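Okay, structure first, notes after.
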Amino acid sequence: MPFLYFSFHVDTMLLGIPAQAVIELTRSPEVSRVPGAPDHVRGLINLRGKLAIAIDLRRRMGLVSTGSELEQHICIFLEADDQLIGLLVDGVNEIFSLDGNDFVPSPIDLGSQNRTLVTGAYRLPNGLLHILNTAHILNIEAEKP
Amino acid sequence: MQISDELLSDFISEAWESIEKIDTGILLLEKTPEDKKNIANVFRAIHTVKGSSGFFALKRIENLSHAAESLLGNIREGQIEVDTAKIAVLLQFADQLRALLAVLDASKQEPAGDDSALIATLLAYAQNRPLASANKENSTVEDVPEVQAPEQVTEQVVPTVVASVPATEPNQFKEVTAPVESKNYEMMAPVKVSVELIDMLMNNVSELVLARNRLMPFAEKFSDSSFQNTVAIIDKLTIELQEKIIQTRMQPIGQLWSKIPRLARDVAQQCGKQIEVVFSGEGTELDRTLLDAIRDPIMHIVRNCIDHGIEAPNQRLLAGKSATGIVSLSACHENGMVLINIHDDGQGIDFDRIRQRAFDLQLLELGEMTHVTEDELIQFLYMPGFSTRSEVTQISGRGVGMDVVKTNVAAIGGYIKISSKRGDGMRCTLRIPLTLAIIPAILVRAGTEFYSIPQINLQELVRHKQSELGNVVEDFHGTPVLRLRDKLIPLFDLAVLVGLPSKTLSMGEVLTIVIVQAAGVQYGVVVDEILKLQEVVIKPLPHILRADALFSGATILGDGSVSLILDMDRIAVKTRTLSRLRNEQSHKAEEILITQAPSERVKMLLVEIRGFGLSAIPVNYVDRMDKFESRGLLRSAGHDVMLYEGEVVRIIDLAGALGTNKVKDVAEVYEEKLYIVIHFTRVGPFGFIVQSIDQIIELPKELRGTDLYQQGLLGFALINERVVNVLNIPEILQMHGHVQEQTMPLF
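Chains as they are written, first to last, in this note's numbering: chain D, -7 to 137; chain Y, 2 to 748.
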């Protein structure tokens, strides 16, 4: 049975989350900074009266910032752990319909920061689609060794 | 009482629904007598009313329903036929039930009266013997009911009633319907709506309010009068809608009260105490979500009252109290807030124990232990992990407690205050906003960011020009302070608090300062701009942002952007108490300053010094006072010392130290008894010998004669036209070889 994945990218990394998890997309939402928040939390976004935590996915993944943070101007809203999350990414790609048999659990060492965040990847003709575990986007504590 | 009241209202609303079913069912029965399902429905409805009324001991309703049930039961069994007379008497029953219920609804009591006539008629029909045995035509079917009918009922009632039917019936009707119009009650029969639906409505309305806010500026911009009128109407309707929805969500606090007796009983049994819980103000209404939010905090406080506050029965008897401890809960509306008071008549808060515990946890230094106020000690209770309980019980002592209570209460825009008097138990006051966490707050700007400060903390707004006389921002031991009407108010820059670059103050610059009162202290927050006072809806912060944050929540502004609500209590604590936790020496001066800032006067101990006169020692330097035998003095390494509670105390004779008359041997000069003021320093305790100890007084911080330098003296003050020398204790200590690691505050 095929699964639908919504894909997007940060830097050159192609990432995917289950398509049904996506609530909506917004371009350059207004983010209010929260002083004292963890590094990867950009702040709060008002999504029609509800508060969403804006997650800087580049920082969350521990990727070296290219210095152009403005690139992350697309926000993907999803709900995980009873909390509305706004994932800030560089751009969105297509929706893939993929067969579970092609799934390879964590094929490469992504470093401790991504151990539970990236559950594995699908082999695509021109690269890998890394699958995010949405339940672990907020939970950075779980990944500390 | 509350339990049955609540259940009774439930019963009443349920009974109204049943009556509707009975009514329509009876009418349907008339049209389609063979509809078994309908008969079963009516029967069930009557049966429900009978069952519940039995539970509430509502005898009239129960007996009436029982009789109607018998009649309908026999119809259901097919033992008797339905005819117009039976329908009439059933409808009569429904009317009577309605009338009784109306009175019950209004007065919560079943009216006195007698329904035996109607009951007899119902039962007679159940036996198919309408109006006693007068009718001969029915005798043909008489053998049928006799098989099953309860014999004793028919025999008892039927004969006696016949005569009374015409007399009693109209009377009764008058009596029960008189107080109320029964029609009103049908209209008021409540509609059951799911809580989720109301929550969704509330959310939509909040959204609508925000959309309206965005619309308003347009109306002002375009001078189109019909557009402006439309917007005005939308504005009005939105406000009304919001008010109505809020009303729908209001629930009496009695719902929460009713849960407490059981909890109290369980806790009391576990810790072997006798408890009585007293309630008042159960009718006070507040928003349903708020009611939910305060449930756990209140339960926790009650648990604490019983476990920590109330003494064991024998202990209470010894203290001259009754063996049963009383925990009282009250609620009322005050200034648009709900005020909840929880009081126990137990032993009260043991401040000595908190003091000791704070010291053990290095939250207090030895020198601070005596002059820390009770209010400040109470603040420690709100700190995570602070429990004075040595052993962990099932009920409390895990150290998770008041801090969580406070966080929960703050999350809904509420406020908690604990006070206690020795022997008079503990009093806990909660102030909760009336509605779904809508609080008035002022919007301020720091840099490009907007923050909200709850109005409850607000004291005054000050615009202050640095060069003005009188009000000056000064640097006091590293903390800027504002001198406002002779009060010293510590200032914090909002920009710095939220991690933005701080402003550099220059002369002539105008500062905008918000003066607040929180966690028992007064302080000022410097902001870039004060925008407006507005009602804001508090939205709780996501969990991962909550820990250690300076914010109690967030709100969405009219333009759709998010503004964080500053938790002024937490800021007060963070800039003060928490710095003690870290035990950073550099914060020391600042802490003491903040402690004293609310008063422009300083507490001093008045003492008499031989040959020097009336003098004052700032109470910061007074940890103990005691009377000693002069022969307790020893000489060690060229100093006078004495033993005090196992410690060697260096003795300084103030008369000698201040140079009036240099004495070699202290013991020779003084009488047998010595008065000693002890101060604990980092290098050990010092004792100052004085001739006598007078009292503690408040002196103005402004001293006179400060420019006439004299060793060991700060200056002097005048009290009742007497000159009081104010001592410079740090300098005196220095003269006696106490090396200081840093500058110490003068008072």
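Ideal placement from N, C-alpha and C gives every residue a C-beta, glycine not left out.
This one's a predicted model, so the numbers in the text were calculated from it and none came from an experiment.
Assign residue i to one of three DSSP states: helix, strand, or coil.
i, result
"residue 224 of chain Y", "coil"
"residue 170 of chain Y", "Note that residue 170 of chain Y scores 40 on pLDDT, short of 50, meaning its location in the model is unreliable; the coordinates nonetheless yield the value given after this. Residue 170 of chain Y falls in the helix class under three-state DSSP."
"residue 98 of chain D", "coil"
"residue 21 of chain Y", "helix"
"residue 676 of chain Y", "strand"
"residue 488 of chain Y", "strand"
"residue 250 of chain Y", "coil"
"residue 236 of chain Y", "helix"
"residue 241 of chain Y", "helix"
"residue 493 of chain Y", "strand"
"residue 15 of chain Y", "helix"
Could you give the C-beta distance for residue i and residue j, rounded to a whole number, given that I count them as a contact under 8 Å?
i, j, result
"residue 433 of chain Y", "residue 419 of chain Y", "15 Å between Cβ atoms; not a contact."
"residue 516 of chain Y", "residue 463 of chain Y", "6 Å"
"residue 312 of chain Y", "residue 347 of chain Y", "6 Å"
"residue 286 of chain Y", "residue 243 of chain Y", "With 8 Å as the limit, residue 286 of chain Y and residue 243 of chain Y do not qualify as a contact, their Cβ atoms being about 17 Å apart."
"residue 483 of chain Y", "residue 495 of chain Y", "Rounded, the Cβ-Cβ distance is 14 Å, inconsistent with contact."
"residue -6 of chain D", "residue 90 of chain D", "6 Å"
"residue 514 of chain Y", "residue 465 of chain Y", "6 Å"
Could you check if residue i is buried or exposed, using at least 16 other CB atoms within 10 Å of its CB as the buried criterion?
i, result
"residue 64 of chain Y", "buried"
"residue 696 of chain Y", "exposed"
"residue 724 of chain Y", "exposed"
"residue 423 of chain Y", "exposed"
"residue 33 of chain Y", "exposed"
"residue 589 of chain Y", "Unreliable positioning characterises residue 589 of chain Y in this predicted model, as indicated by a pLDDT of 37, which lies under 50. The coordinate reading is nonetheless provided below. Counting Cβ neighbours within 10 Å, residue 589 of chain Y comes out buried, since at least 16 surround it."
"residue 111 of chain Y", "buried"
"residue 332 of chain Y", "buried"
"residue 97 of chain D", "exposed"
"residue 54 of chain Y", "buried"
"residue 731 of chain Y", "buried"
"residue 11 of chain Y", "exposed"
"residue 240 of chain Y", "exposed"
Taking C-alpha atoms, which residue in the options lies nearest to residue i?
i, options, result
"residue 120 of chain Y", "Y:373, Y:60, Y:13", "Y:60"
"residue 43 of chain Y", "Y:208, Y:94, Y:13, Y:6", "Y:94"
"residue 325 of chain Y", "Y:697, Y:641, Y:564, Y:269", "Y:269"
"residue 688 of chain Y", "Y:725, Y:702, Y:634, Y:714", "Y:634"
"residue 101 of chain Y", "Y:465, Y:116, Y:262, Y:277", "Y:116"
"residue 248 of chain Y", "Y:410, Y:378, Y:199", "Y:199"
"residue 616 of chain Y", "Y:430, Y:693, Y:574, Y:402", "Y:693"
"residue 209 of chain Y", "D:41, D:86, D:71", "D:41"
"residue 73 of chain Y", "Y:48, Y:58, Y:57, Y:54", "Y:48"
"residue 194 of chain D", "D:53, D:68, D:9", "Outside the shown range of chain D, which is -7 to 137, sits residue 194 of chain D, and nothing can be said about it."
"residue 20 of chain D", "D:78, D:9, D:73, D:129", "D:78"
"residue 122 of chain Y", "Y:301, Y:86, Y:96, Y:522", "Y:86"
"residue 57 of chain Y", "Y:78, Y:655, Y:105, Y:81", "Y:105"
"residue 50 of chain Y", "Y:674, Y:525, Y:359, Y:66", "Y:66"
"residue 138 of chain D", "D:117, D:92, D:82", "The structure shown does not extend to residue 138 of chain D, since chain D spans only -7 to 137, so no value can be given for it."
Would you say residue i lies against chain D (beta-carbon separation less than 8 Å)?
i, result
"residue 41 of chain Y", "no"
"residue 444 of chain Y", "no"
"residue 500 of chain Y", "yes"
"residue 550 of chain Y", "yes"
"residue 533 of chain Y", "no"
"residue 555 of chain Y", "yes"
"residue 589 of chain Y", "Residue placement at residue 589 of chain Y cannot be trusted, given a pLDDT of 37 that sits under 50; the coordinates are not used to answer."
"residue 561 of chain Y", "yes"
"residue 540 of chain Y", "yes"
"residue 409 of chain Y", "no"
"residue 703 of chain Y", "no"
"residue 204 of chain Y", "yes"
"residue 440 of chain Y", "no"
"residue 545 of chain Y", "yes"
Checking contacts by CB at 8 Å: is residue i closer than that to chain Y?
i, result
"residue 36 of chain D", "yes"
"residue 47 of chain D", "no"
"residue 113 of chain D", "no"
"residue 25 of chain D", "yes"
"residue 22 of chain D", "yes"
"residue 52 of chain D", "no"
At a cut-off of 7 Å, would you count residue i as near the ligand GTP, judging by its Cβ distance to the nearest heavy atom?
i, result
"residue 659 of chain Y", "Among the ligands in the structure shown, none appear at all, so the ligand GTP cannot be discussed."
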